[in-house]
Structure formats: structure tokens, C-alpha cells
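Chains as they are written, first to last, in our numbering: chain A, 1 to 578; chain B, 1001 to 1578. All C-beta atoms, glycine included, are put in the ideal place defined by N, C-alpha and C. Presented below is the structure to which this report refers.
Quick look at the structure:
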């Protein structure tokens, strides 16, 4: 899949693209380093009067054509010269696409002060433990409605419904005026586990003449209004009410409000709850400790005690609604879980949407559940999952409430940003006041104008693979793709320095190409050709151009193997003179 | 992703699992070799009174964890001893999931007679041209309502709405009674380009006491009724009516009725049509020649003549609605198409659903289209694509019309088969008369009973990779996956036979692991360890166990590289004695 990316960018280039310091109170530069033109990896830079604040620092998961890659994080090379100007990083909420890059980036930015609500803070700190050699994070806890100042910026976190508690949008006030960053949000007038959307706050913001609104585009292509968590709750309750066996529910560990719903319903219907999966356990523990989750004493039991209760008194809460290989549900389904197996009469609830790319594994899990005699409920059969993002009606409503002068759609694929811009136009914002920007763009904002700079800063994918950050670039990735599709074929020929002739029979090491034991003729023929090429080139006496010989061997073998198999393994000749 | 598969099955096993001949007119064996428990690769064997007929012979596309694989075809090893008994292969329609395995399997089955409608026949023959060294296919053209006899079987093809003309279900009559195989179908009372569903025919079938109905489960999890092609036509017409620029439409080449819709609308609104893409051109040509497509003279123009007409008089019809890398739409979008570029004001219509796994490439194409200034319509924004398969209401209606004694859901993932079986129960068929079977199951059918045999025949995936059929098995595939995720690392050490010491510095060839130029220290350290291990093991005098030394090198290097990088490339040591 084509994707503009230039990795292995050298530091000279980086320097050329770095963000020059600008001491002006008349204009602000807003630079998305992630999340605009993609879903995930959210990171936004506000550069004003020589000082910088950053909103969020997320990662995203790799695409299908990036084998072996763990995460993709933002490129912060443009900020490297400006680390001293970074007054702080503020977080909107505790989801990985908003804070997952912290362990990879804070050190590089000189360990700036961090600001987050109590839950996001706890989740970030808990994760940090897995990364040794990191500086101690300098955290300040913020809370809704409490303004705080960072240099020329005054920030006000305000509550937004999403699907995790403590989700904040920010009003950022400077001499230029007020800027609103919505974070991920939806309007929910009857949510579960948190207060309903406070429309009055938006009206208040609207009265102070908002200069710029930056708003979540994730569902800007979805018509109407997002579904209320109350509807989900009611549908889930129908399942609980009628279920005679165990309930096994799989969702994201990060959908904390959904987890709370499952626990609340279990308590109402007299079920004990087994929480399974590292991330699920961790999130429940943190949320409970901080008072974001209400769980009665005695509700939670350990999985080894599951058999002490009748089936109709048991709920299992775990990860794995995406069919993830090592998640709880997969381990239960494949019989690898220590204490839990699927039994006839179990009811399994997939309470999560399926991320593109995961459909086949989810289907595998579903099929397997049916084979084992379970009942399955998933979100396509029934409304048991709602997105955490606002649909078109809500997006327009927000614009009507806030009445911003300028508008920038954030968080989403380019098509979503464009469609969000169309909504803004429908909501009455003139075209010239709407800017569709992508990662790396520099948005110049004054009190009277908004426009994209001609320059861009680097915003390509930085890939994390094991301990390596940014060391896997295009070349390595292309090699991995090639290795995957046809395997590799190494030939080692030992050449006698005296005679120039191949000694013995060349060694062949091949993987992923063909089943070698059943291909002896092919290997014999290949060896013969290698010996022929080497002897012809090297055995003629005089100086030997080994680069030429190697190329010759590579081409001969490649062509021969392709002719015989229509496959193109990576052919790697090694010629050793002795 | 776990998936039960045993490849490289040896011929002994195959023989043990082959289908023994059974000369009985009292019972029939029905054996799905593909399409039951999956979507695609449809192939059904009917074995009765010593004779065999086969319905369809399709392939499916590989899953994401099968790099390099072209197609997956059915395993026919159970039929190998019975090739002489195969009276014919009948095809329901000309889609690859129903006929794509023909070039790989007919020869092995002794080139049996083939039966298909004129369009399916032409498509199969056209494809066969790409496969040299194939026997000449022995084809008989069949037509709706015309019965024909194959030994103990009498077959009657009957018309079914789908999304390609000439789509047949079959009534198969034997002394046991009538069996109905629906093929892919939906009920459409107001279709485009073909007659509406003939409900009278089903009532007629219902009157002759149908013994068994085998019915398409693809949409058995979808509620209500499938959408009529008329609705799609009306929505597409809205786009055509209002469009001021060029229309570029992408769909599957196999959705011939949709292609006809686009051509009909273009003619109505005075647009010339450019048909692009090999498979699209081929299908249009075949259909037109056989009279399945109505195109006025002068409608079709060549892409190089596109600039001779005003934008609002142009439609481009091409493949690529799935974001396929080499399809027309992708080439237009990336600027690689010879004559067509996206220009501001173009309208692009994605008239096809997105196959799971293709969402990200489709999103890439959509984003790029928006960047280039095109308008985009896709099926999630508007009903401009309808599935070709019946939803729950139609599936139940069919059962009510046909009133079969026994029921077997076919075509679909296991979850779809199970849900289709539930629908059959709701439609009044007793549980004991419904059998949910999967590939490789043997269904024993008599006039009074239906049941699964305890035995199964092999039905594992047979993978096609280039010229190889079935030679890529689990081992090769696992190697490809490993190579993809962390690359490979070959070390060649030359050891002096006299001294047992490593000569010079070991060679390292690595791909897909790490950017070597930036990892010189790591390589130096690795070499040092290799020399250390070899010298210690081999230099001690006496006989050297080279297998042990190699294992030792592999483990040492693997552990060292993992410690330094947290990656596990495939480490392959080569030790050469000279």
C-alpha cells in the first residue's frame, strides 16, 4: 500500500525542518504531529510567543504491511531544538492513542511537566513502570473547571463524555483569544457512570467569542446522533435478565465505562465477577482505587474459584473482543486458559466494535464459540456497543453552541476531516475560516486569519520495534515484506583461491520458499548452475571481480527459481575464498 | 491465527481417507469439500449409487497470515480413487469462488464433463487460456428449466437472482427424491438486467415433496430482506442526474449487473463510457457477445479518447473498489494510469462492499481522492451497493415455499451456518432434520434420515503459490511469518580443519532485522561471540560435533540479539570446514 514516508531521515534534514523560535504575541502556530490524516497517534503542538504546549502524545498500531512493528509514534524532530521552550504536555484522557508515546518521547523533550486528570495520570504512571531508565515523570493533576497557567497559555479542562471517565476537552486562552480542543467526545444526555453532557458550559464558551474550535472528526462520516450508553445498558440488561448460564463478556480494557456497566449488571442479577487479562485487571484496579469504579465488596472473585458458584451466578470480564491472539477470550476459546473453558450454555458478549483488519480473527473466535455450544451476542446483531465519538448531528450542534470564528477538524482520516469541514460549512462557518490540515502542517492563527504555512515539519511514521525506536525504516520493512511473500535463499560457495574453482558443493539455506525435502531436484539443478557461473567467471585466471560474480550468481539463481516456481525468493549469494 | 490445518499430508493418509465406492440406491453421501465453515472455495460432492457429481469448484483468497499465497483451493484427495465415477461438474455461475479452482483440479479428476450456463462457460474457458498444458475442457451448455441426466442423477438448473446473469440453482432428482441446491441467491422482485424472482417455480418444487434443501447462508446473520437492485439503480441515478463532472465508478469486475447499471445510466445521461481493467474489459466483452449486456453502439470509447469529450459526458468504469494495488482506480489515484488522472470535480463512486482486510487500502484511496479534489460516494454514505445474498426474511421464505423434509445450510462461516439452522427451526423444520456440516463432513441422506458420518475426508487448505499447488505447507508458512516479523540473520564461519579455529571474520547476511549500516557495533559484538563459541567447541581437539556447534552458535546469537534489540530474527549459522 503506498504511503508517503521517508524514514532514516538524517539529522541534517531534521535540523532544517525544525521549528524556529518566534517571539510574537500576534500569532500562534498550531502543528499537528499526529492524528490528522489518520486515526490514532494524536499529538498537537501549540507554539506561541516563544513557548510551546503539547496536547496529547499518543501512538497508533502498525498497518498490515508493517510486519514486526509494535507501534507507530509521532516524529518530534522539529521540537528537538525547542525542548527548553516546552512548558508542558497536557493529556485529554488515558487512552493509548492519546498518551501511549509518553515513554518514547518525554525523555527526548527534556522531561517537561505533564498535566492530566487523576485517572489518566495513574494509567500513564502505571505503564511507565514497564520502561526502565526513564526519568521520573513530573506530573500535575488537573481537574475539570480548574484553570491553570503555563506561560502565555491559560488552560481550562472541561468534562466530555467518551467511554472512559475523566475525559477532558481544553479551553486554551491566550491574548489572541480562546481556543477549544474537544478531545475525543460525544454528547450523551443519559450516560452511564458519569454526568450527562453539560451543554451550559458550551453556551458559556460561546459567549466569550471562541477564536478557534478544533473538534473530533472520528465519526464525521456517520449520520445522525451517536447512541447513548443508556441504550447499550438496556440491551445488555435484556441479555443478563434472560441468561441461564455463565456470561463471558469481551471488550477493550480501555472502555472503562462498559466494564462498569457489566459489573453493575452482574451485581443487580446476583452474579460474581471474574476480571481476567492483565490490562483489564490493571484498569479496574486503578479506577476502583481512585473512585472511578463502583464495585461492591465480594463481587470480584478469582478465576480459580469460579467452580464454587453456580453457572448463572458467574460473569467473566475479559479482553479479546478483537480476537487478539493472547487475549483472555482467545485463550478461553482455544483451551489455553488455566481455569476457564467454554461450556455448552455459556453466553458470550462481544461488546466492542471490530477494528478494521481484525474481522477474520473475530470470525474465527465466533465460529469456535458456536462449535463449543456457546450463545454469541455481538454488536452487529444488537446494540450492545456504542462508539465514543460524536456523529454528524452532534458535531454540528457543538459548532452552533460554541460559535467559533475559525474551525479546524482534528482526529481522523483525511476523508473524515474533509467531511467535518463540510459540516462546519453547513453550520455557518465561512469556507475561508475553515482549514483542513494534516500532520506536519503549520497552521498560522491570528485574531483575524487562519492559514496553512507553506513549510511543513517532519511528521512521518516513527516505528517502534522491540527496543528500537525509528531504526526500522523503509528498507528493512520492504525486506520483511519480500521475505514474507516468497522467503529467502542463501547460497554459500567456497572458492579455491589458487584454482578459482568452487570447492565441493555449495551450501543452500532456504526458508519460506519451498519445502526443501521435496525439492531435491530443484536444489541439485541450482547448485549446478551456481558452480557453473562461479567457475566461468572466476576460473579464467587473473583478477576476479567478486561483486560481479555475486550479481551473476544472484541473477542466474533468481531467474532459474522463478522459471521453475513462479516465485521470487530473496537470493543472497555468499562467496568465500580459501 | 489458529486454524486447524494439516498440510504436506502424505499420500498414505490420503488413501486412508478416500471415499470408498458404495453401490446403493437407498442412501446418498453429500460431502462439502469447500464453502462450509468459510466464505468462498465452494465445492460439493454428491456420491450416489457408485456415481459422483460435483457442484462448483471454487477458490478463495488467502488470509492475512498467509503471505505469498495466491489462492486456496479444495483438497480433492478423497476423490482420487474415484475419478472414473465422476460423471460431471456442474457450475452455478461464473464467479471465482464457484469456478476458480477449475484449472488446478479438472486434470486431476480425469477431465470430467463440465456443465454450465453460457456465461459461466465462457468465463471459465477464457480463464483456462492462461493455463497451458491443460486438457481441452469438455463443456456442455445448460439452460434454465432444461433437465439433463447424469447416470442416477437428473439435474434441473433454475434461475436465481444474484449479481451476475445466468445464475442457477439446481434441483437434483434421484430415486431418493428431489434435492435443491440454491447456489448464491437473493429474492429481488424488481431487479435490474434480469427477470424478477420466479416464486411460482419454488411453489412447484414445494409440491413435489423436496427431500433436502441446501441453502446459501452468507447473509444468514443479516436481519430483514436484502436490498433490491432497483433501489441501488435509483440512488445511482440521483448521482448521475446531479453530476457536472466526470464519473469514475469502481466495482468488482464480477458484479456484471452493476456494470450494466452504470452503462445504462451513462447512456441515459449522454455519457460515453471508458471500460478499464483487464478483468472488467474481458467480462464486458464476453457478456456483450453472449447478449447478457446491452450497450448501444458508440457508447464505449477508448481511454486515450477521453479528452475529446467534455467532462460531463464521461463515465469511467473500472476495478479497484477494494483498493487493490494494481487495479484501475489505484493506478488512476497514484498517477500511474496512462490516460486518466483525477481532476478537481471528478465524482468517484465505490459501488461495492469492502471485503474484510481491505478497509485500510480503501481508506487510503478515499483520502487520496479527497486530497485531489474529487467527490466520493461510497456504500456507507448511501445505498449504492446491495449484497447478492438473501437475508433472514428471504431465507425463511424460501423454506416456507419449498417445504423440504431435511435442511443443510451451505456457503458460509460456521456462525452463519448455525444461525441459518436456527432460521430453519423457526420456519418449522424439526431440529433432527437439520444438519450443520462443515468441509470434510460426510452427510448420509436416506428418504427417512439425515446424519453426519463419524468419518471425515481431508478438506484442509491446499495453497496455490505461483506454479506450486499444495507445496507450501505449515512449515513454509510459519517460516514466512517469522521472517516477516523480525527478518533473518545468516552467519557464515569458515573453520580451519587442522586447527579447529575460525579463519578470518565470520560473514553476516541479514535482511529485515535492523539497518545494518547503523548497527556496526552490534555486528562486531556478534562476530566476536560466534568466534568464541566455535573456537571453544571446535578448537579443543578431537572429533567435533558440528550439529552441536551450530546449535550453540544459533542460541548464543539469538539470545544476544534479543537482549540488545528485543527482536528475534531467524538465526541461521553456516559453518564451513576447509
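Next item on the list: Using 10 angstroms around the beta-carbon of residue 1234 (chain B), count the other beta-carbons present and answer buried if the total reaches 16, otherwise exposed.
Entry: The residue in question, residue 1234 (chain B), is exposed, as its Cβ has fewer than 16 Cβ neighbours within 10 Å.
Check: Which same chain residues, not among the five before or five after residue 1105 (chain B), have their C-beta less than 8 Å away from its C-beta?
Finding: Listed in chain order, the non-local C-beta contacts of residue 1105 (chain B) below 8 Å within the same chain comprise 1057, 1073, 1074 and 1076, local neighbours out to five positions each way being set aside.
Check: Should residue 365 (chain A) and residue 328 (chain A) be called a contact, given that it needs their Cβ atoms to be closer than 8 Å?
Finding: Not in contact: residue 365 (chain A) and residue 328 (chain A) (Cβ atoms no closer than 8 Å).
Check: Does residue 414 (chain A) come within less than 8 Å of chain B when only Cβ atoms are used?
Finding: Interface annotation, residue 414 (chain A): in contact with chain B, CB-CB separation under 8 Å.
Notebook entry, point to check: Over what stretch of residues does the beta strand (DSSP E) that includes residue 1159 (chain B) continue unbroken?
Noted result: Where residue 1159 (chain B) is concerned, the enclosing beta strand (DSSP E) stretches over 1153-1159.
Next item on the list: State the Cα-Cα distance for the pair residue 60 (chain A) and residue 466 (chain A), rounded to the nearest angstrom.
Entry: About 15 Å.
Next item on the list: Could you work out which residues of chain B lie near residue 371 (chain A), taking near to mean beta carbons separated by less than 8 Å?
Entry: Scanning chain B for C-beta atoms nearer than 8 Å to the C-beta of residue 371 (chain A) yields 1414, reported in chain order.
Next item on the list: Establish whether the CB of residue 566 (chain A) and some CB of chain B are separated by less than 8 Å.
Entry: So, interface residue.
Next item on the list: Give me the Cβ distance between residue 1043 (chain B) and residue 1037 (chain B), rounded to the nearest whole Å; I'm assuming they're in contact under 8 Å.
Entry: Between residue 1037 (chain B) and residue 1043 (chain B) the Cβ distance is about 13 Å, and since that is not below 8 Å, they are no contact.
Checklist line | Close beta carbons around residue 403 (chain A), own chain, < 7 Å, minus the five adjacent residues each side | finding: Excluding residues within five positions, the ones whose Cβ falls inside 7 Å are 206 and 210.
Checklist line | Own chain, CB closer than 6 Å to residue 1 (chain A), minus 5 neighbours either side, in chain order | finding: Confidence in residue 1 (chain A) is poor, its pLDDT being 30 and thus under 50, which makes the residue's placement unreliable; the coordinate value appears in the next sentence. 65, listed in sequence order.
Margin query: Here's the rule I'm using: 16 or more other beta-carbon atoms within 10 Å means buried, otherwise exposed. How should residue 1112 (chain B) be labelled?
Written below: Looking at its Cβ environment, which holds 16 or more other Cβ atoms inside 10 Å, residue 1112 (chain B) is buried.
Next item on the list: Evaluate contact between the segment 1145-1160 of chain B and the segment 1169-1183 of chain B, counting only Cβ atoms and requiring at least three cross-stretch pairs below 8 Å.
Entry: For the pair of segments examined, the segment 1145-1160 of chain B was found to touch the segment 1169-1183 of chain B: the number of CB pairs separated by less than 8 Å reaches three.
Next item on the list: Work out the CA separation of residue 415 (chain A) and residue 13 (chain A) for me, nearest whole Å.
Entry: Any reading at residue 13 (chain A) needs caution, since the residue's pLDDT is 44, under 50, leaving its predicted position unreliable; the model's value is listed next. Approximately 30 Å between the Cα atoms of the pair.
Check: Is residue 263 (chain A) near residue 295 (chain A), with beta carbons less than 8 Å apart?
Finding: Going by beta carbons, residue 263 (chain A) and residue 295 (chain A) fall inside the 8 Å limit.
Item checked: Burial state of residue 52 (chain A) (16 or more Cβ within 10 Å) -> Residue environment for residue 52 (chain A): buried (at least 16 other C-beta atoms within 10 angstroms of its C-beta).
Note to self: Please classify residue 129 (chain A) as buried or exposed, where buried requires at least 16 other C-beta atoms within 10 Å of its C-beta.
What the structure shows: Classification for residue 129 (chain A): exposed.
Next item on the list: Report yes if the C-beta distance between residue 549 (chain A) and residue 534 (chain A) is below 8 Å; otherwise report no.
Entry: Yes, Cβ-Cβ distance for residue 549 (chain A) and residue 534 (chain A) is below 8 Å.
Next item on the list: Mind listing, in chain order, the continuous beta strand (DSSP E) runs of no fewer than 3 residues lying wholly within the segment 242-295 of chain A?
Entry: Counting whole runs of 3 or more residues, the segment 242-295 of chain A contains the beta strand (DSSP E) stretches 247-250 and 272-275.
Notebook entry, point to check: What in chain A is Cβ-close to residue 1485 (chain B), meaning under 8 Å?
Noted result: Neighbours of residue 1485 (chain B) on chain A, chain order: 67, 68 and 480.
Checklist line | residue 1095 (chain B) classed as buried or exposed, judged by whether at least 16 other C-beta atoms fall within 10 angstroms | finding: With 16 or more other Cβ atoms within 10 Å, it is buried.
Checklist line | Per-residue DSSP class, three states only, for residue 1556 (chain B) | finding: In this structure, residue 1556 (chain B) counts as helix in the three-state DSSP scheme.
Next item on the list: Might you give, ordered along the chain, the residues of its own chain that have their beta carbon closer than 8 Å to the beta carbon of residue 1560 (chain B), omitting 5 neighbours on each side?
Entry: Same-chain partners within the cutoff: 1525, 1526 and 1529.
Checklist line | Span of the beta strand (DSSP E), counted from its first residue to its last, around residue 492 (chain A) | finding: Residues 488-495.
Check: Taking one C-beta from the segment 1478-1495 of chain B and one from the segment 511-524 of chain A each time, how about it: are there three or more such pairs within less than 8 Å?
Finding: Short answer: they touch.
Notebook entry, point to check: So the alpha helix (DSSP H) residue 118 (chain A) belongs to, where does it begin and stop?
Noted result: For residue 118 (chain A), the uninterrupted alpha helix (DSSP H) segment begins and ends at 118-128.
Checklist line | residue 350 (chain A) to residue 369 (chain A) span [Cα, whole Å] | finding: Residue 350 (chain A) and residue 369 (chain A): Cα-Cα distance of roughly 12 Å.
Note to self: So with CB distances below 9 Å, who are the chain A contacts of residue 1029 (chain B)?
What the structure shows: Residues of chain A whose Cβ lies closer than 9 Å to the Cβ of residue 1029 (chain B) do not exist; the shortest such Cβ separation is about 23 Å.
Note to self: Quick check on this structure: which residue in B:1019, B:1041 and B:1274 has the alpha carbon closest to the alpha carbon of residue 1081 (chain B)?
What the structure shows: Of the listed residues, the one whose Cα sits closest to residue 1081 (chain B) is B:1019.
Checklist line | chain A residues whose Cβ lies nearer than 7 Å to that of residue 1467 (chain B) | finding: Ordered by position in chain A, the residues that pass the 7 Å Cβ test against residue 1467 (chain B) are 565 and 566.
Check: Does residue 1309 (chain B) get closer than 8 Å to chain A when you measure Cβ to Cβ?
Finding: Contact of residue 1309 (chain B) with chain A is not assigned, every C-beta pair being separated by 8 Å or more.
Notebook entry, point to check: Within the 8 Å Cβ cut-off, does residue 1574 (chain B) reach chain A?
Noted result: Yes, residue 1574 (chain B) lies at the interface with chain A (some Cβ there is under 8 Å from its Cβ).
Notebook entry, point to check: So what does DSSP say about residue 1569 (chain B), is it helix, strand or coil?
Noted result: Here residue 1569 (chain B) sits in coil by DSSP.
Check: Which runs of the alpha helix (DSSP H), 4 residues or longer, sit entirely within the segment 166-209 of chain A?
Finding: Segments of the alpha helix (DSSP H) lying fully in the segment 166-209 of chain A: 199-207.
Margin query: Could you tell me the alpha carbon to alpha carbon distance between residue 1339 (chain B) and residue 121 (chain A), rounded to whole angstroms?
Written below: Distance between the alpha carbons of residue 1339 (chain B) and residue 121 (chain A) is about 55 Å.
Next item on the list: With DSSP collapsed to three states, give me the class of residue 37 (chain A).
Entry: Residue 37 (chain A) falls in the coil class under three-state DSSP.
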